[in-house]
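Written below as structure tokens is the structure these notes are about.
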Amino acid sequence: EAGVAQSPRYKIIEKRQSVAFWCNPISGHATLYWYQQILGQGPKLLIQFQNNGVVDDSQLPKDRFSAERLKGVDSTLKIQPAKLEDSAVYLCASRTTGTGVSGNTIYFGEGSWLTVV
Amino acid sequence: QQPVQSPQAVILREGEDAVINCSSSKALYSVHWYRQKHGEAPIFLMILLKGGEQKGHDKISASFNEKKQQSSLYLTASQLSYSGTYFCGTGALRAAGNKLTFGGGTRVLVKP
Chain A
1 EAGVAQSPRY KIIEKRQSVA FWCNPISGHA TLYWYQQILG QGPKLLIQFQ
51 NNGVVDDSQL PKDRFSAERL KGVDSTLKIQ PAKLEDSAVY LCASRTTGTG
101 VSGNTIYFGE GSWLTVV
Chain B
1 QQPVQSPQAV ILREGEDAVI NCSSSKALYS VHWYRQKHGE APIFLMILLK
51 GGEQKGHDKI SASFNEKKQQ SSLYLTASQL SYSGTYFCGT GALRAAGNKL
101 TFGGGTRVLV KP
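Taken in sequence, the protein lines are chains A and B.
Here my numbering is used: the first residue of the first sequence is 1, the next is one more, and so on.
Here my numbering is used: the first residue of the second sequence is 1, the next is one more, and so on.
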């Protein structure tokens, strides 16, 4: 089974520029998450989708971050304009539906490393 | 609110045991454990659900005390491959869409 795919793996941009990250979840997974992980810290949830609807975006800095999942499959996370403090790994994760262990397990992609200079 | 992990770091010799703790101020529905090596994605280890359902991984096991809102991860007879940073992720309520809130991590180094 293919895992969560993300691109690009690495990106270096100057502050005030824009950047976009793409995620393709595991096939059939209805729930998709974007997490931000700053070096040395645990992942922090930015936004959660259920199919193409937003479930939780309470920690998304909406003045500069946006995300969409138009057809309920792939998702894009955009930052515009970027700030130095946005330097982090952006992790996409997905989960199927259902109960029990299978329905609650969340799988992560390898992440997109962003450096803002 | 972020769960608290302890210790922040631990150094082991191969074959030794270690315990990593995760505690939350909120009532928990689920606790998820991940291991992350530098530059890689967090790898799912196991999940513990309210009511006792659990899934293990090699010689790594965990417990979940629902009343105390705590979980512990047990690394038994540690191997070099166990090195990495361990994160617990807590899910407060199933109705909340199983959003995970992660702790700050515990760095584990296993030496030969």
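We put the CB at the ideal spot given by N, CA and C, even for glycine.
Remember, it's a predicted structure, so these values are computed and weren't measured experimentally.
Against chain A, the CB of K99/B has a partner CB under 8 Å away; the residue lies at that interface. The DSSP assignment places complete alpha helix (DSSP H) segments of no fewer than 4 residues inside the stretch 57-112 of chain A at 100-104, in order along the chain.
In the structure shown, the three-state DSSP call for L28/B is coil. For T105/A, the closest Cβ of chain B is nearer than 8 Å.
Burial is judged here by how many other beta carbons sit within 10 angstroms of a residue's own beta carbon; H32/B has at least 16 and is buried. Residues of the stretch 40-61 of chain A with a C-beta atom less than 9 Å from some C-beta of chain B are G40, Q41, G42, P43, K44, L45, Q48, Q50, V55, D56, listed in chain order. Distance between A5/A and E14/A, taken at the CA atoms: about 25 Å.
Under the Cβ criterion of 8 Å, F87/B is counted among the residues facing chain A. About 11 Å separates the Cβ atoms of Q37/A and A93/A, ruling out a contact at the 8 Å cut-off. Interface residue (Cβ-Cβ distance to chain A less than 8 Å): E66/B is not classified as such.
Fewer than three Cβ pairs drawn from the stretch 14-27 of chain A and the stretch 69-81 of chain B lie within less than 8 Å of each other, which leaves the two stretches out of contact. R13/B and Y82/B have their alpha carbons spaced roughly 11 Å apart.
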